[in-house]
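Numbering (the numbering used here), first residue to last: 21 to 593. Where is the CB? At the ideal position from N, CA and C, for every residue including glycine.
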Amino acid sequence: MTTMLNGIAASNGIAIAKAYRLIEPDLTVNKTAVTDVDAEVSRFKAAVEKSVTELQAIRDRAKVELGADKAAIFDAHLLVVNDPELLGPIEDKIKSDSVNAEYALKETADMFVAMFESMDNEYMKERAADIRDVTKRVLAHLLGVQIPNPSTVTEEVIIVAEDLTPSDTAQLNRTYVKAFTTDIGGRTSHSAIMARSMEIPAVVGTKEATSAIQNGDIIIVDGLDGQVHINPTPELIAEYEQKAKAYEEQKAEWAKLVNEKTVSKDGHHVELVANIGTPKDIKGVIDNGGEGVGLYRTEFLYMGRDNFPTEEEQFEAYKAVLEGMTDGKPVVVRTLDIGGDKELPYLQLPHEMNPFLGYRAVRLCLEEQDMFRTQLRALLRASTYGNLKIMFPMIATLGEFRQAKAILLEEKEKLVAEGVAVSDSIEVGIMVEIPSTAVMADLFATEVDFFSIGTNDLIQYTMAADRMNERISYLYQPYNPAILRLVKNVVDAAHKEGKWAGMCGEMAGDENAIPLLLGLGLDEFSMSATSILKARSLIKNLSKADMEQLAEKAMQLKTNDEVLEAVKAAVQA
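Next comes the structure, spelled out in structure tokens:
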């Protein structure tokens, strides 16, 4: 029998495939006495052998798909799983205490992890993480449960999870992962944003995907209407195959605009640029007619690894993106924005009651200056390879901006003194995502080169509503007149000083928000690459003069819904 779940359409498209549950198994260990200790040691050795075989396969695949540096993590894991200094004590414990292998493994591993973590040595602390990962794998084999690993999938699947971390999403194999669906999350959660940049359909916030869907179930993910169908009938599959075909035909129509500029019906030009997470995303920007990169989220360079990326690794990544955007197309790089829902295990941040309002982004970078300066040096060295613009996130005060810019200029002076070429035309701007900054935009505009409005956070901070919390999702209101007034304030402040204002939040690619933003005078719209052609098609049919009148009217309305109705009436007129 077909079951349907309703969720939030987070990434356009339709996929039909088998479900692959990305859910951590129960690894609870109980202590039991064993009589045949030799058989128990053999059972332990068999679990170790299986783990070795798995890790070798994962390492070889990672080498091909992710490069030798990422594969090196699994070389370290192979050293641990073959280490007699770890295996010997586990076998001794099974024999001397006559206990089950699971218990001996956990007790011994926990002892080693605690010992390494207490050492004042970064290398030893990293070994603790390796031991934890490896013993989890061996333990899963002993318990007869499977640790899911979507990077090893060899058939088309749809990922089913409670949620996906940014690093989970970044490691999905695009060849086989056709879509995903989650219990929690919204359109602005990082898993949703990554799905759009990977160009795979996603439905999030279903509340019950993990409880309703079993491994191997055939499911349909409808990323257009936010529905998930479990074990659909052949008739429903045929209906969705037609719907998918119609969507592909619509995309083919939009594709005809790939080499055109974005100009409104009355001749006003705006820039449509893309949000990206890795250098590999550049191809999608070009294929979708992007006029540049409006947001390069550099934190993905830091994720899915055991230590900080080196200056050289960062330089190569930034250079690749800048060289990929030919003809002087701009690349706006956001400096490290870690914190909130984006964590780095090797950067041991304090646990906070409100991490979205806490020690994150530029606040963290101004404290952890070695990390920050390394990134800035890499950016400055790459600046001669294209049209680089640097943007600081989460700026709340002019003092923060001045301090961040001063550090940037210090590093530039050092590089120039070392004889390293650095561009002299790097614009330095800020993300406007804190209401106080939007209110004081006129003062910031005298010192920054540009603004990029980060509406994902600006909306949640303005409405005092956590955008990850489904229970208050009704308060995530991009069309609320309060938000429109803040956007207008930022745009007007920039224009008064002869500067430009862009938007890199998800609102910039929202077909209901685009008419308003055009009317508010926004210069640059940065969105998922897959949204660009649809947005270009929409703007070509809008008159900026008419949208200015719409925006003026919208700011005088009282509710989000009233504004939405006004937009729909104006666009259909």
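Contact check, residue i vs residue j under 8 Å by CB: the rounded distance?
i      : j      : result
Asn295 : Met547 : 6 Å
Val180 : Ala229 : 5 Å
Gln270 : Asn26  : About 23 Å separates the two Cβ atoms, so there is no contact after all.
Val452 : Leu478 : 7 Å
Phe320 : Gly344 : That pair is no contact at about 16 Å.
Asn235 : Arg41  : 5 Å
Leu377 : Gln423 : Not confirmed; about 20 Å, so no contact.
Met527 : Thr475 : 4 Å
Pro299 : Ala258 : With 8 Å as the limit, Pro299 and Ala258 do not qualify as a contact, their Cβ atoms being about 40 Å apart.
Leu408 : Ile446 : 5 Å
Ile427 : Phe392 : 7 Å
Asp326 : Glu146 : 5 Å
Glu19  : Ile204 : Any property of residue 19 remains undetermined from this structure, which presents the chain solely from 21 to 593.
Ile534 : Leu558 : 6 Å
Gly518 : Ile473 : Not really, about 18 Å apart at Cβ, beyond 8 Å.
Measure the Cβ-Cβ separation of residue i and residue j and say whether it is below 8 Å.
i      : j      : result
Val49  : Lys115 : no
Val101 : Ser71  : yes
Met411 : Val352 : yes
Ala222 : Pro45  : no
Ala574 : Leu538 : no
Phe471 : Gly439 : no
Leu396 : Val442 : no
Lys38  : Val177 : yes
Tyr322 : Leu369 : no
Glu162 : Leu106 : Correcting the residue identity first, residue 162 is Leu in this sequence and not Glu. Cβ distance not < 8 Å, so Leu162 and Leu106 don't count as in contact.
Pro629 : Asp530 : Past the edges of the chain, shown from 21 to 593, lies residue 629, and the structure says nothing about it.
Thr22  : Thr253 : yes
Ile306 : Val341 : no
Lys65  : Tyr123 : no
Ile240 : Tyr260 : yes
Thr666 : Ala77  : Outside the modelled stretch of the chain, which goes from 21 to 593, sits residue 666, for which no answer is possible.
Thr189 : Met214 : yes
Pro104 : Thr128 : no
Ala416 : Thr457 : yes
Val133 : Ala148 : yes
Leu47  : Lys156 : yes
Ala398 : Phe335 : yes
In its own chain, which residues sit with a C-beta less than 7 Å from the C-beta of residue i, not counting the 5 before and 5 after it?
i      : result
Ser563 : Ser284, Lys285, Asp286
Ala91  : Arg79, Ala82, Lys83
His97  : Leu75, Asp150, Asp153, Val154
Trp520 : Phe470, Ala514, Asp543, Glu544
Glu219 : Gly304, Thr550
Arg383 : Met414
Ala264 : Ile34
For residue i, which residues in the same chain have their Cβ closer than 8 Å to its Cβ, ignoring the five residues on either side in sequence?
i      : result
Lys276 : none
Gly206 : Ile28, Ala30, Ala212, Val224, Gly225, Arg487, Met488, Glu490, Ser493, Tyr496
Arg556 : Trp274, Leu277, Glu280, Thr282, Leu292, Gly309
Val459 : Leu506, Asn509
Leu577 : Pro501, Val583, Ala586
Within a Cβ cutoff of 6 Å, which residues of the same chain sit near residue i, ignoring the five residues on either side of it in sequence?
i      : result
Lys554 : Trp274
Lys339 : Ala402, Tyr405
Gly33  : Pro221, Gly243
Asp237 : Ala39, Ile250, Asn251
Glu332 : none
Phe200 : Ile179, Ala222
Asn120 : Thr52, Val54
Let me check you understand the geometry: is the CB of residue i closer than 7 Å to at least one non-hydrogen atom of the ligand SAM?
i     : result
Val61 : Looking for the ligand SAM in the displayed structure turns up nothing, as the structure carries no ligands at all.
Does any residue of chain C have a CB that is nearer than 8 Å to the CB of residue i?
i      : result
Ala590 : Included in the structure is just one protein chain, with no chain C present.
- Message: In chain order, what are the residue ranges of uninterrupted beta strand (DSSP E) at least 3 long that sit wholly in the stretch 370–450?
- Response: 407–412
- Within the stretch 231–301, ranges of the beta strand (DSSP E) (whole runs, at least 3 residues): 238–242, 247–250, 291–296
- Taking the runs of the beta strand (DSSP E) that are 3 residues or longer, which of them lie wholly in the stretch 114–196? 177–181
- Message: Pairs of beta-carbons, one from the stretch 415–434 and one from the stretch 358–373, closer than 8 Å: are there three or more?
- Response: no
- Message: Across the stretch 308–328 and the stretch 545–561, are there enough close Cβ pairs to call them in contact, namely three or more that are closer than 8 Å?
- Response: yes
- Scan the stretch 309–342 and note each continuous beta strand (DSSP E) run of 3 residues or more that stays entirely inside, going in chain order. 313–317
- Message: I'd like the ranges of any beta strand (DSSP E) spanning at least 3 consecutive residues and lying wholly in the stretch 509–549.
- Response: 520–523, 544–548
- Which runs of the beta strand (DSSP E) spanning at least 3 residues fall entirely within the stretch 28–111, listed in chain order? 28–31, 34–41
- Task: Any chance you could list the beta strand (DSSP E) runs of at least 3 consecutive residues sitting entirely within the stretch 469–512, in chain order?
- Result: 470–473
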